[in-house]
Structures are given as C-alpha cells and as structure tokens.
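J.: Here the numbering used here is used: the first residue of the sequence shown is 1069, the next is one more, and so on.
Next up is a structure, given as structure tokens.
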Amino acid sequence: MYQYQLDCYERAVRAQNCGQNVDIIDCYVNLGLQRAQQCQTGADTRRVYFRVISTLEEAMCDHLLSTHWRQHCFRVIKRLTPLIFEMLNENEYGELITKISSLAEYFLPTKRAQQQR
C-alpha cells in the first residue's frame, strides 16, 4: 500500500501536479518517513530516506517547476539534515550538504536577483 502511494506522491512532487499548493511535498515526505519506519532492514530504511531526498533534490533543480515549489523542496531538505547526519559518516554528510547547497545556489534565485527584476 505505502509503495503505491509513495510512487504517486513522488510523481506529483516531480511534476508539480497541485499548482502552487506545497502541501503535497510535505505529504510525500511524511509518507516516506512512515514507509522508512516500517522497513525491516537498515539498508531498506536508508534507501527510502535517500529516495525522498533525491526526489526533492531533483525537483529543486527542475526549472520547469515554479520557484516557490523548488524553494519549498530545498527548505524540506534542510529540515531533513539531522536525519541525514544520523545516516552518514562525517565526510559523506559534508559532501552531501555541500552538493545540496551548491545546487541551491545555482538553481534557486537569490533574494538580490529577485529584487533586481
């Protein structure tokens, strides 16, 4: 049951099927966290967590989605950083956070750029 729902929500997040309503992103993350809690092994749990993070990362970098949608994906990833910290060693964590920050800097408009428009 969870797998099917997770797939549907994942597609909705990637395609911004709900207009500007970012609640679908939060629902997807909550469903992913619930699914991860029900996994039998640590490897499966980790796979589900990183699937959610990867989906949010891809949506954050997709210029076909609205800026508001992409910024919310980035905010949710930032909220998940304590969870990421628990799953990775220090070097892997640093690399992932640096990668996400670099992608956000490149793909998300800064406040200064928005003010110049």
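Positions of the beta carbon are idealized from the N, C-alpha and C atoms, including for glycine.
1. Looking only at its own chain, which residues have a Cβ that is under 8 Å from the Cβ of Y1145, when we skip the five neighbours before and after it?
2. Would you tell me roughly how many angstroms separate the C-alpha atoms of Y1077 and E1154, rounded to the nearest one?
3. Do you know how far the Cα of Q1106 is from the Cα of Y1174?
4. Here's a check: name, in chain order, each residue in its chain whose Cβ is nearer than 8 Å to the Cβ of D1094, leaving out the five neighbours to either side.
5. Ignore the nearest five residues each way along the sequence and tell me which others in S1134's own chain have a CB closer than 8 Å to its CB.
6. For L1151, which of helix, strand or coil comes out of DSSP?
7. Using three-state DSSP, classify G1162 as helix, strand or coil.
8. For E1160, which of V1097, C1086, F1118 and G1110 has the nearest alpha-carbon?
9. Measuring CA to CA, which of Q1139, T1166 and T1113 is closest to L1099?
T.: A quick look at the data gives this:
1. Note that residue 1145 corresponds to Ile in the displayed sequence, not to Tyr. A distance below 8 Å between beta-carbons, with the five flanking residues on each side excluded, links I1145 to the following residues of its chain, in chain order: I1121, L1124, E1125, M1128 and I1168.
2. Straight across, the Cα-Cα distance linking Y1077 with E1154 is about 25 Å.
3. Answer to the nearest angstrom: the Cα atoms are 36 Å apart.
4. Same-chain partners within the cutoff: V1144.
5. Only Q1084 and Q1088 meet the Cβ criterion.
6. DSSP, read as helix, strand or coil, puts L1151 in helix.
7. The three-state secondary structure of G1162, taken from DSSP, is helix.
8. Nearest of V1097, C1086, F1118 and G1110 to E1160, Cα basis: F1118.
9. It is T1113 whose Cα lies nearest to the Cα of L1099.
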